[in-house]
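Heads up, the thing below is written out as structure tokens.
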Amino acid sequence: MLRITISRFPPVSPATLSTPVSRWSITYQCPSMAAIKLSPPSTLYHPRRFALFFCSDSHATSSLDSTQEPPSKQGTLKSGLYLVGTPIGNLEDITLRALRVLRSADVILAEDTRHSGKLLHHYSIKTPLLSYHKFNEAEREQSILKRLIDGEIVALISDAGTPGISDPGSELAKLCVESNISVIPIPGPSAFVAALSASGLSTIEFTFVGFLPKNASARRERLMVSANEAATQIFYVPPHKLSQFLEETSSLFGDSRRCVMAREITKMHEEFWRGTLGEAQAAFLDRQPKGEITFLIEGKATSEVETPSEAQLENELAELISNGHTLSTAVKLVAAGTSMKKKTIYSLALRKFGKQHDAGDDVV
862 MLRITISRFP
872 PVSPATLSTP
882 VSRWSITYQC
892 PSMAAIKLSP
902 PSTLYHPRRF
912 ALFFCSDSHA
922 TSSLDSTQEP
932 PSKQGTLKSG
942 LYLVGTPIGN
952 LEDITLRALR
962 VLRSADVILA
972 EDTRHSGKLL
982 HHYSIKTPLL
992 SYHKFNEAER
1002 EQSILKRLID
1012 GEIVALISDA
1022 GTPGISDPGS
1032 ELAKLCVESN
1042 ISVIPIPGPS
1052 AFVAALSASG
1062 LSTIEFTFVG
1072 FLPKNASARR
1082 ERLMVSANEA
1092 ATQIFYVPPH
1102 KLSQFLEETS
1112 SLFGDSRRCV
1122 MAREITKMHE
1132 EFWRGTLGEA
1142 QAAFLDRQPK
1152 GEITFLIEGK
1162 ATSEVETPSE
1172 AQLENELAEL
1182 ISNGHTLSTA
1192 VKLVAAGTSM
1202 KKKTIYSLAL
1212 RKFGKQHDAG
1222 DDVV
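Using our numbering, you'd call the opening residue of the sequence shown number 862 and step up by one each time.
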């Protein structure tokens, strides 16, 4: 006869482990053939005890359950489009989940199959590759959509970083959403997020602009919008366009605006340059950095305009009038330097200086 008893030891001290843990054990007893012959019945059984497992009280499970999957296996993936983030430089910057999806997919869409092939080879991933980039995405979409409708698992990667963020993928994701096909993000590296986190500029609010328009007038219009925003502005700048970018931003943002150039993030020659736009223009006048550049510019400072007192307004008006300005001109000049309404200042001017000057001019 074999008898098995499962028992529980007192919980392990919280001082030993950060999470409350209980220890369980199995006690089994079996007959000893020698004991059957030589010993009385009370000594026929010899208890044996060994530790079974450790687990938190809220998730106690038996390791004897042969149907339980290993912890590393999360089950079969459902059909859908998986947007998989891949390293932007260092091949170690990939998640275990991303590797599992890439291995499990029926096909991997890659911006450059030769470039992505190196990553897959490094991790011994044999999933078929299919090119998907800005020049063929329109013609590929319908065939990919059909595969998804048929229940396949499609993984999308770009050359580096997160698909759809200044890379192909956003249109395919939009098409899948409209067709009620699951779109599953597999988070991973992103150059602008990495650069922002280490920039030293405000991360409370930011605007990711990405690559600027090639057209000069469209580019200037976009920069004018960014120059007046209080949030940190983030751009992707091709190395050969850096001088032009610094010249245009310096004129619109001002030379004193703080900025950060993040280059070759996570790679061997990673560089963070910090200073003002004016200093950047001088620093990179004769030096053109190589590699991918993420450029950040601090937001426009916002200062609260104090409402001037009546005495301050009166003094400014008096000074302007004494210098030969008419009442109406003095009111306009004072109003231009304050947030107060022109009518309010004009009313004050009439009360204080109306008798001395012709107040017939309408300055409202």
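Cβ coordinates follow ideal geometry from the N, Cα and C atoms, glycine included.
Worksheet item: Taking the beta strand (DSSP E) that M1122 falls in, what are its first and last residues?
Response: 1119 to 1124
Worksheet entry | Continuous alpha helix (DSSP H) stretch holding I1026: start and end | Here I1026 belongs to no alpha helix (DSSP H), and DSSP marks it neither H nor E.
Discussion item. On the criterion of 16 or more Cβ atoms from any shown chain inside 10 Å, does I1010 qualify as buried, or is it exposed?
Written reply: exposed
Worksheet item: Taking just the CA atoms, how far does L1103 sit from Q1142?
Response: 9 Å
Worksheet item: In whole angstroms, what separates the C-alpha of R1135 from that of Q1094?
Response: 15 Å
Worksheet item: Where E1180 and L1194 are concerned, what is the direct C-alpha to C-alpha distance, given to the nearest angstrom?
Response: 11 Å
Practice prompt. Keeping to the same chain, check which residues put their C-beta closer than 8 Å to that of L837; ignore five residues upstream and five downstream.
Written response: Given a span of 862 to 1225 for the chain in the structure shown, any question on residue 837 remains unanswerable.
Worksheet entry | Supposed close pair R1124, P1150 - CB separation, criterion 8 Å | 5 Å
Discussion item. Tell me which residues share the same chain as L990 and place their Cβ nearer than 6 Å to its Cβ, disregarding the 5 neighbours each side in the sequence.
Written reply: I969, A971, T974
Item to complete: Taking only the alpha-carbon atoms, compute the straight-line gap between I1065 and F1156 and give it to the nearest angstrom.
Response: 17 Å
Fill in: Beta-carbon gap between T1068 and A1092 smaller than 8 Å
yes
Worksheet item: Would you report the Cα separation of L1138 and E1159, rounded to the nearest angstrom?
Response: 10 Å
Discussion item. Between which residues of its own chain and F1053 is the CB-CB distance below 7 Å, once the five residues before and five after are set aside?
Written reply: F1069, I1095, T1155
Worksheet item: From what residue to what residue does the beta strand (DSSP E) around E1018 run?
Response: The residue asked about is misnamed: residue 1018 is Ile in this sequence, not Glu. Taken as a continuous stretch (DSSP letters only), the beta strand (DSSP E) holding I1018 covers 1014 to 1018.
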